[in-house]
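Notes for the one structure printed next.
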Amino acid sequence: MSTVTTKVQELLGNEAESLLNHQCNTIPKEMLHLPGADFIDRSFALTNRSPQVLRNLQALYGHGRLGGSGYLSILPVDQGIEHSAGASFAPNPIYFDPEKIVELAVEANCNGVATTFGVLAANSRKYAHKIPFIVKINHNEFLSYPNTYNQIEFGSVDEAWNLGAAAIGATIYFGSEESERQIVEIAQAFERAHELGIATILWCYLRNPSFKKDGVDYHTATDISSQATHIGVTIQADIIKQKLPTLNGGYTAINFGKTHDKVYSELTTDNPIDLTRYMVANTYMGRNGLINSGGASTGSGSDDYADAIRTAVINKRAGGHGLILGRKAFQKDMKDGVDLIHAVQDVYLDESITIA
């Protein structure tokens with residue numbers, strides 16, 4: 026047993042057995058297109074992606090500590106818009122400086138850094154050739170009062186190309202009143218990105234107050250959140266970023282849409298690895314990489330550490346491609362943030378933690 030696995034067992038506590046030794050009997054791993062050094066060749070080389078898109082996808086998968094493993098460790102810092110700069114950066118004010126954001130990703134040896142037009146434009150000539158840039162092209166503008174929840178574009182795909190982006194990222198609030206407009210806008214943006222040779226990453230979030238019922242929040246129910254990921258790959262997102270599923274039964278509890286009894290009786294169980302495996306299946310059986318969110322910072326270093334490791338174990342054993350982890354890292358001292366990201370990367374580098 027490796028030192029990493031021993032540490033992971035300690036952090037998982039009572040869940041160690043159910044997560045580290047679980048065998049998935051719902052959707053077997055043999056049906057999946059699994060991560061690996063040749064993933065771009067296996068999953069994208071014969072698609073409609075151009076050589077330029079393939080080059081940028083390979084740049085992402087080939088960079089950093091996880092380079093060549095088939096896994097991704099991405100630092101996202103778009104919270105200065107989504108949550109206000111004060112809410113995001115007051116815990117560690119150095120990150121008001123955009124260079125520090127890119128520096129954290131470089132120091133942590135991430136595959137790429139995903140952030141705003143402004144941050145990447147401020148660092149373009151210094152860093153665009155040193156770490157893959159992922160430009161987040163839309164955001165929820167959070168200054169209007171009363172607050173609204175709507176993704177609007179903050180710049181163009183051509184602008185992202187000009188500042189040296191290897192990929193663009195976008196969010197769609199599936200289930201919201203604005204979702205149809207957002208789907209059309211982002212599908213068109215992704216088409217333009219692929220024309221320019223830029224890879225695409227979609228943040229597939231559910232947002233609808235009716236997805237909460239009887240005190241239960243179904244925004245992370247795998248049956249409906251996995252459908253969001255399926256729409257995401259349909260509009261040709263190369264990589265899907267989704268919150269880790271925590272429960273099931275959104276369709277049946279809310280009583281909407283269409284599903285099948287086998288989703289609940291055969292294709293999933295209550296184990297979080299199986300819930301996430303169903304999500305991987307909805308990304309064309311893993312042909313498009315699934316990365317899960319690292320989640321919000323709890324303010325406690327030990328809790329953040331344990332939560333991030335747990336998410337990494339679930340994602341990896343389900344057949345996912347890694348984590349996109351931000352607030353847990355940049356709301357700490359840079360050294361502590363780097364240590365946390367490295368600990369997550371260690372999970373993906375540990376060959377004893379296998380696909381379930």
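The sequence shown maps to residues 26 to 381 in the working numbering.
Glycine included, C-beta positions come from ideal geometry on N, C-alpha and C.
{"Query": "In three-state DSSP terms, what is Q176?", "Result": "strand"}
{"Query": "When you compare the CB positions of I298 and F236, do they come within less than 8 Å of one another, or not?", "Result": "no"}
{"Query": "Which residues does DSSP pair with F349 in a beta bridge?", "Result": "One detail in the question is off: residue 349 reads as Ile in this sequence, not Phe. Paired residues: I99 and S318."}
{"Query": "Count the other CB atoms, across all protein chains shown, that sit within 10 Å of the CB of V305; report buried if there are 16 or more and exposed otherwise.", "Result": "buried"}
{"Query": "Comparing alpha-carbon positions, which option in L85, Y276 and A218 lies nearest K155?", "Result": "L85"}
{"Query": "For a quick check, are the C-beta atoms of A191 and A224 less than 8 Å apart?", "Result": "yes"}
{"Query": "Are the Cβ atoms of I380 and R342 separated by less than 8 Å?", "Result": "yes"}
{"Query": "Quick check on H164: does DSSP put it in helix, strand or coil?", "Result": "strand"}
{"Query": "Would you call the stretch 119 to 130 in contact with the stretch 166 to 186, where contact means no fewer than 3 C-beta pairs closer than 8 Å?", "Result": "no"}
{"Query": "In this structure, how does DSSP classify D329 when only helix, strand and coil are distinguished?", "Result": "helix"}
{"Query": "Taking 8 Å as the threshold (C-beta atoms), are I159 and V144 in contact?", "Result": "no"}
{"Query": "For H108, which residues in the same chain have their Cβ closer than 8 Å to its Cβ, ignoring the five residues on either side in sequence?", "Result": "F167"}
{"Query": "Grab the span of the alpha helix (DSSP H) containing K266 for me, first residue to last.", "Result": "Element bounds for K266: not the alpha helix (DSSP H) but the beta strand (DSSP E), I264 to Q267."}
{"Query": "Relative to the C-alpha of K287, which residue among S94, T51, G38 and A333 is closest?", "Result": "T51"}
{"Query": "For L71, which three-state DSSP category applies?", "Result": "coil"}
{"Query": "Measuring CB atoms only, is the stretch 52 to 64 touching the stretch 90 to 103, in the sense that at least three cross pairs come out at less than 8 Å?", "Result": "yes"}
{"Query": "In whole angstroms, what is the alpha-carbon distance linking T395 and A331?", "Result": "Outside the displayed span of the chain (26 to 381) sits residue 395, for which this structure offers no information."}
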